[in-house]
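**Student:** Per the numbering used here, residue 2 is the first one in the sequence shown, and the count goes up by one each step.
Even glycine gets a Cβ: it sits at the ideal position worked out from N, Cα and C.
Source: prediction; values computed, not measured.
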Amino acid sequence: MMNIFRQALQLIRFELDVSKKHYLTLLFLAGIYTFFLSLSIPPYLEEHVFILDVLLIIFLCTLSFAIKPKNFQYQKIDDHLYGSPYFSMLNQLPIKRSVLITSRFILPFISIIAGITLLLVGTYILSPELRSTVNPVELIALIVMWICISFCIGGLFPASDPGDEIKRFTFFWSYASIVLFFAGLYLIFQVWLDTGLFKWTIYLASEFTLLSILGSILIACLVTWYWFRHANRQVQKIDYLQ
2 MMNIFRQALQ LIRFELDVSK KHYLTLLFLA GIYTFFLSLS IPPYLEEHVF
52 ILDVLLIIFL CTLSFAIKPK NFQYQKIDDH LYGSPYFSML NQLPIKRSVL
102 ITSRFILPFI SIIAGITLLL VGTYILSPEL RSTVNPVELI ALIVMWICIS
152 FCIGGLFPAS DPGDEIKRFT FFWSYASIVL FFAGLYLIFQ VWLDTGLFKW
202 TIYLASEFTL LSILGSILIA CLVTWYWFRH ANRQVQKIDY LQ
């Protein structure tokens, strides 16, 4: 496993070098969201405004491809195939499939770790209300939880790099899934639990610090394993030479 990871790290060196100028995009996004979140914390902790949870989900999804140059991103390859042209090219080379797929997850996950850490540490510094709610140890638990949430949701993007065969109603079902996801999020947290997603994670980090860390890591590992398996199935299924 470690040998696969080392080979995957070597494989992404070129991508890391090409992506250097996009690191500024990550810093810019983290700065904007940090400023907004720090201002929104006081009313959110009182009324758990749903739009803040939505914006956090959008932010963590954006992190998965924020530092990837356009030619490395998921896009239309031909009439019925969407995917990463860079992945398609690498797939023609004598590279182990496990190494290739692992390499697709490293850069997005680095971006997620950096982005979430900058966001929450910055918000903690700027927001007296958040500092009075969680102590530094609980902040670490909160950061770990949101990194793991980001891995679970953001893992969709590197898992999609091998490609998807787009059929007639594919985009319809994709948009419908997004709507259902946010509707479910609203019903579970705002209606049923009478709280917000971010506020709920603050509660878990405060009351069940160690358990929250361990549980989040376990769930993130299982979901990432699922995304890895999904990417592997897509590589086996798609004919890149057609």
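(1) Report yes if the C-beta distance between residue 82 and residue 164 is below 7 Å; otherwise report no.
(2) Give me the Cβ distance between residue 39 and residue 124, rounded to the nearest whole Å; I'm assuming they're in contact under 8 Å.
(3) Quick one: grab the DSSP three-state call for residue 83.
(4) Determine the DSSP secondary structure at residue 76, reduced to helix, strand or coil.
(5) Using the Cα positions of residue 157 and residue 150, report the straight-line distance between them to the nearest angstrom.
(6) Which whole-angstrom value describes the C-beta separation of residue 88 and residue 113, a residue pair presumed to lie in contact below a C-beta threshold of 8 Å?
(7) Any chance the stretch 177-190 sits against the stretch 116-131, with 3 or more Cβ pairs inside 8 Å?
(8) Do residue 199 and residue 54 have their C-beta atoms closer together than 7 Å?
(9) Is the beta carbon of residue 65 sitting closer than 7 Å to the one on residue 129?
(10) Please look up how many angstroms separate the CB atoms of residue 70 and residue 133, rounded, as I've assumed it's under 8 Å.
(11) Below 8 Å on the Cβ atoms is my guess for residue 236 versus residue 92; work out the distance and round it to an integer in Å.
(12) Which stretch, first to last residue, makes up the alpha helix (DSSP H) that contains residue 54?
(13) What does the alpha-carbon distance come out to for the pair residue 196 and residue 49?
(14) Could you work out which residue in 67, 230 and 9 is closest to residue 247 when comparing CA atoms only?
(15) Determine, using beta carbons only, whether residue 142 and residue 210 come nearer to each other than 7 Å.
(16) Taking CB distances under 7 Å as the criterion, tell me whether residue 35 reaches chain C.
(17) Please determine, among 167, 127 and 205, the residue with the shortest C-alpha to C-alpha distance to residue 43.
(18) Would you decide whether residue 18 is buried or exposed? Buried here means 16 or more other CB atoms lie within 10 Å of its CB.
(19) Do residue 107 and residue 9 count as a contact pair if the criterion is CB distance below 7 Å?
(20) Between which two residues does the alpha helix (DSSP H) containing residue 134 stretch?
(21) Let's see if you can read the secondary structure: which residues bound the alpha helix (DSSP H) around residue 225?
**Tutor:** In brief:
(1) In the sequence shown, residue 82 corresponds to position 81, counting from 1. In the sequence shown, residue 164 corresponds to position 163, counting from 1. In contact: residue 82 and residue 164 (Cβ atoms closer than 7 Å).
(2) As a working note, residue 39 is residue 38 in the sequence shown. As a working note, residue 124 is residue 123 in the sequence shown. Between residue 124 and residue 39 the Cβ distance is about 5 Å, and since that is below 8 Å, they are a contact.
(3) The sequence position of residue 83 within the sequence shown is 82, counting from 1. In the structure shown, residue 83 sits in a strand (DSSP, three-state: E or B).
(4) As a working mapping, residue 76 is identified with position 75 in the sequence shown. Residue 76: strand per DSSP, three-state reduction.
(5) Your numbering for residue 157 matches position 156 in the sequence shown. Your numbering for residue 150 matches position 149 in the sequence shown. So the alpha carbons of these two residues sit roughly 12 Å apart.
(6) As a position in the sequence shown, residue 88 is number 87, starting the count at 1. As a position in the sequence shown, residue 113 is number 112, starting the count at 1. That pair is no contact at about 19 Å.
(7) No: the two stretches stay apart, fewer than three of their Cβ pairs being nearer than 8 Å.
(8) Along the sequence shown, one-based indexing puts residue 199 at 198. Along the sequence shown, one-based indexing puts residue 54 at 53. Going by C-beta atoms, residue 199 is nearer than 7 Å to residue 54.
(9) On the sequence shown, residue 65 is found 64 positions in, with the first residue counted as 1. On the sequence shown, residue 129 is found 128 positions in, with the first residue counted as 1. No, these two residues do not count as a Cβ contact at 7 Å.
(10) Residue numbering aside, residue 70 sits at position 69 when the sequence shown is read from its first letter. Residue numbering aside, residue 133 sits at position 132 when the sequence shown is read from its first letter. Incorrect: roughly 42 Å between the Cβ atoms, too far for contact.
(11) On the sequence shown, position 235 is the one that residue 236 refers to. On the sequence shown, position 91 is the one that residue 92 refers to. In this structure, residue 236 and residue 92 form a Cβ contact; the two beta carbons are roughly 7 Å apart against a cut-off of 8 Å.
(12) On the sequence shown, residue 54 is found 53 positions in, with the first residue counted as 1. Annotation for residue 54: the continuous alpha helix (DSSP H) segment containing it runs 51-64.
(13) As a working note, residue 196 is residue 195 in the sequence shown. As a working note, residue 49 is residue 48 in the sequence shown. In a straight line, the C-alpha of residue 196 is about 6 Å away from that of residue 49.
(14) Coverage of the chain is limited to positions 2 through 243, which leaves residue 247 absent and any answer about it impossible.
(15) Here residue 142 refers to the residue found at position 141 of the sequence shown. Here residue 210 refers to the residue found at position 209 of the sequence shown. Against a cut-off of 7 Å, the Cβ pair of residue 210 and residue 142 comes out as a contact.
(16) Absent from the structure is chain C; it holds one protein chain and no more.
(17) One-based indexing of the sequence shown puts residue 43 at position 42. Between residue 43 and the set 167, 127 and 205, the nearest pair of CA atoms involves 127.
(18) Counted from its first residue, the sequence shown places residue 18 at position 17. Note on residue 18: under 16 other CB atoms within 10 angstroms of its CB, so exposed under the neighbour-count rule.
(19) Position 8 of the sequence shown, counting from 1, holds the residue named residue 9. Position 106 of the sequence shown, counting from 1, holds the residue named residue 107. Contact: yes.
(20) Taking the first residue of the sequence shown as 1, we reach residue 134 at position 133. Where residue 134 is concerned, the enclosing alpha helix (DSSP H) stretches over 129-134.
(21) Along the sequence shown, one-based indexing puts residue 225 at 224. 210-238 is the extent of the alpha helix (DSSP H) around residue 225.
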